[in-house]
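Engineer: Below is the structure I would like to discuss, written out as structure tokens.
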Amino acid sequence: MANPFDAAQFSLETNIPADQGPFLSRYTTFQLGGRCPAVILCSSAQELKTAIGYLGAHQMDHFLVLGEGSNVLISDDGLDQVVIRYFSDTAHYERDGEDIVAEASSRIDHLAFSCAKEGLAGLEFASGIPGSLAGAVVGNAGAFGQEICSCVDAVEVIDCLGRARTIRLEECGFSYRHSRFQDGKEIITRVRLRLKEDHSQDLLKERQRILRERREKHPNYHRLPCAGSFFKNIEPSLAGQRRQAAGLLLDQIGAKQMSVGGAAVFEKHANMIVKRSPGCTARDVHLLSRQMQEAVQQKFGISLSPEVRLIGRF
Ligand SMILES: Cc1cc2nc3c(=O)[nH]c(=O)nc-3n(C[C@H](O)[C@H](O)[C@H](O)COP(=O)(O)OP(=O)(O)OC[C@H]3O[C@@H](n4cnc5c(N)ncnc54)[C@H](O)[C@@H]3O)c2cc1C
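So this is what it looks like as structure tokens:
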């Protein structure tokens, strides 16, 4: 079958039919997920726009955009839609005073490093968080009491018809691990971040401290595939109270000893599910997560909701 894409414009992994398409396990940090018809690799906003324009012109506007795939669990059956991977290992941005305007494909950790090196403060907390800047904005990623929304100024998006818009901070609908972009209708191309000048040496030192702490608590996802914390922390019922860590509740139900098939809970963090053996399936992870949810519901009467986005048939 002729390749329906103009591969000269962007990098096309393969094409239809779906049952011979690429495995999405290659594009998720869980290293799980069945096939899809095609994966289009884009690293710049221009490539992304070209790819979306092409898909739209060929009535293929039912596609999914991923970054590094570090916050998703894709089903073993795969997907019947084309996937665009908008991700770049390095950071691409322009400086505008204390602001930067970055390609949303940029690896957030590399962006955090570059900003610290340039003496721009605000993004140190994101040191070591996997994924793209876009993925971080979609899920309002956070760590150490800070969230990406605290330095977002505006988000440039396009829709599936290629129409561009700038969304200002107050329109982004940010809350704990949430933003308006989670409905998948707007594709994030670039983000303006508002940072503050500070001493580069201090920022790089803080970055090293954070990276050390993360190394002690989190699995190295290249060796132990996972998608970070599986469940969201629990919102307080009264104003002024703090969020309750899901990991603490999971610890108390003995989650660290739980496993299903090749999926197991990480021994140092009760809220992280890892792919323990190569035979592990997305179904194993899903079943294990259900067992964890049920045990917490039974013991504490609290319903945990996944932070990891489940995509496909479960
Ligand atoms: C070891 C480990 C540690 C982690 N630690 C943290 C942490 O400390 N804090 C934290 O918040 N998260 C953490 N995570 C989760 C994850 O890294 C973040 O949520 C990250 O921001 C996701 O980015 P991504 O590019 O991988 O998004 P993906 O997983 O690729 O996508 C997530 C969602 O965003 C959508 N999306 C992606 N790109 C776009 C785009 N351009 N436009 C519109 N929608 C898009 C996708 O469709 C999907 O719905 C961790 C994960 C791992 C594996």
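With the sequence shown counted from 1, adding 215 to any position gets you this note's numbering. Using N, Cα and C, we set each Cβ at its ideal position, and we do this for glycine too.
Please tell me whether, using a cut-off of 6 Å, the distance from the CB of N486 to the nearest non-hydrogen atom of ligand 1 is below it.
Structural biologist: For ligand 1, not one heavy atom lies less than 6 Å from the Cβ of N486.
Engineer: Report buried or exposed for I517, applying the criterion of at least 16 other Cβ atoms within 10 angstroms of its Cβ.
Structural biologist: So I517 counts as exposed.
Engineer: Could you please give me the residues that DSSP links to E412 through a beta bridge?
Structural biologist: BP columns for E412 point to L335.
Engineer: When you compare the stretch 386 to 403 with the stretch 418 to 438, are there three or more beta-carbon pairs, one atom per stretch, that lie closer than 8 Å?
Structural biologist: The stretch 386 to 403 is not in contact with the stretch 418 to 438.
Engineer: Bridge partners of R524, per DSSP?
Structural biologist: Per DSSP, V287.
Engineer: Is the Cβ-Cβ distance between C366 and G388 less than 7 Å?
Structural biologist: It is not a contact, given that the beta carbons lie outside the stated cut-off.
Engineer: Relative to ligand 1, is the shortest distance from any of its heavy atoms to the C-beta of G388 smaller than 6 Å?
Structural biologist: Incorrect: G388 has no Cβ contact closer than 6 Å to ligand 1.
Engineer: Quick one: does the C-beta of C375 sit closer than 6 Å to a heavy atom of ligand 1?
Structural biologist: It does not: the Cβ of C375 is nowhere closer than 6 Å to a heavy atom of ligand 1.
Engineer: With contact counted as at least three CB pairs below 8 Å, one residue from each stretch, are the stretch 265 to 276 and the stretch 368 to 380 in contact?
Structural biologist: Contact holds: three or more Cβ-Cβ distances are below 8 Å.
Engineer: To the nearest angstrom, report how far apart C330 and A319 are at their CA atoms.
Structural biologist: Cα to Cα, the separation comes out at about 15 Å.
Engineer: Quick one: measure Cβ to Cβ for A510 and I468, integer angstroms, because I've assumed they're closer than 8 Å.
Structural biologist: Right, their Cβ atoms sit about 4 Å apart.
Engineer: Buried or exposed: A442, going by 16 or more other Cβ atoms within 10 Å of its Cβ?
Structural biologist: The residue is buried, with at least 16 neighbouring Cβ atoms inside 10 Å.
Engineer: Are S290 and I425 closer than 7 Å when you measure CB to CB?
Structural biologist: Result no, Cβ atoms of S290 and I425 do not sit closer than 7 Å.
Engineer: F529 by DSSP, collapsed to three states: which one?
Structural biologist: DSSP places F529 in coil when its eight states are reduced to three.
Engineer: Sorted by chain position, which residues of the same chain lie with C-beta nearer than 8 Å to A217's C-beta, five sequence neighbours on each side aside?
Structural biologist: With a pLDDT of only 37 at A217, under 50, the local geometry of the prediction cannot be trusted, and no value is derived from it.
Engineer: Run the proximity test for V511: is its beta-carbon closer than 6 Å to any non-hydrogen atom belonging to ligand 1?
Structural biologist: Incorrect: V511 has no Cβ contact closer than 6 Å to ligand 1.
Engineer: Tell me, please, whether the stretch 486 to 504 touches the stretch 240 to 249 by the rule of three or more beta-carbon pairs shorter than 8 Å.
Structural biologist: Contact holds: three or more Cβ-Cβ distances are below 8 Å.
Engineer: From Q459 to T305, what distance separates their C-alpha atoms?
Structural biologist: Those two C-alpha atoms are separated by around 34 Å.
Engineer: Assuming the contact rule is C-beta atoms closer than 8 Å, G334 and E412 should be a hit. Round their C-beta distance to whole Å, please.
Structural biologist: Contact holds; Cβ gap of about 6 Å.
Engineer: If R300 sits next to C257, beta carbons under 8 Å apart, how far is it from one beta carbon to the other, in whole angstroms?
Structural biologist: Yes, they are in contact, since the Cβ atoms of R300 and C257 sit about 7 Å apart, within 8 Å.
Engineer: Quick check: the Cα distance between G236 and S504, rounded to an integer number of angstroms?
Structural biologist: Going from the Cα of G236 to the Cα of S504 covers about 28 Å.
Engineer: Using alpha carbons as the reference points, say which of L453, S492, F445 and D311 lies closest to R524.
Structural biologist: That would be F445, whose Cα lies nearest to the Cα of R524.
Engineer: Please report the straight-line C-alpha distance between Q512 and S452, rounded to a whole angstrom.
Structural biologist: Cα to Cα, the separation comes out at about 16 Å.
Engineer: Go ahead and label P454 buried or exposed: buried means 16 or more other beta carbons lie within 10 angstroms of its beta carbon, across all protein chains shown.
Structural biologist: A small fix is needed here, since residue 454 is Ala in this sequence, not Pro. Its Cβ having fewer than 16 others within 10 Å, A454 is exposed.
Engineer: What separation, rounded to the nearest whole angstrom, lies between the Cα atoms of L464 and K447?
Structural biologist: Roughly 12 Å separates the two Cα atoms.
Engineer: Ordered along the chain, which non-local residues of its own chain (more than five positions away) have a Cβ less than 7 Å from that of F529?
Structural biologist: So the qualifying residues of the chain are S290 and H501.
Engineer: In chain order, which alpha helix (DSSP H) runs of at least 4 residues are fully inside the stretch 292 to 326?
Structural biologist: As far as the stretch 292 to 326 is concerned, it has no whole alpha helix (DSSP H) run of at least 4 residues.
Engineer: Tell me, which residues are paired with Q459 by DSSP?
Structural biologist: Paired residues: I449.
Engineer: Taking 7 Å as the threshold (C-beta atoms), are A356 and Q363 in contact?
Structural biologist: As written in the sequence, residue 363 is Ile, which differs from the Gln given in the question. Against a cut-off of 7 Å, the Cβ pair of A356 and I363 comes out as a contact.
Engineer: Please list, in chain order, all residues of the same chain as A479 whose beta carbon is under 8 Å from its beta carbon, the five residues on each side excluded.
Structural biologist: Cβ neighbours of A479 beyond the five flanking positions: M473, I488, V489, R491 and L503.
Engineer: Would you mind giving the Cβ-Cβ distance between G293 and G527, rounded to the nearest angstrom? I have them listed as a contact below 8 Å.
Structural biologist: Indeed, because the Cβ distance is near 7 Å, the residues count as touching under 8 Å.
Engineer: For Q296, which residues from the same chain have a beta carbon less than 6 Å from its beta carbon, with the 5 sequence-adjacent residues on both sides left out?
Structural biologist: So the qualifying residues of the chain are H277, F278 and L279.
Engineer: Could you check if G346 is buried or exposed, using at least 16 other CB atoms within 10 Å of its CB as the buried criterion?
Structural biologist: It is buried - the Cβ of G346 has at least 16 other Cβ atoms within 10 Å.
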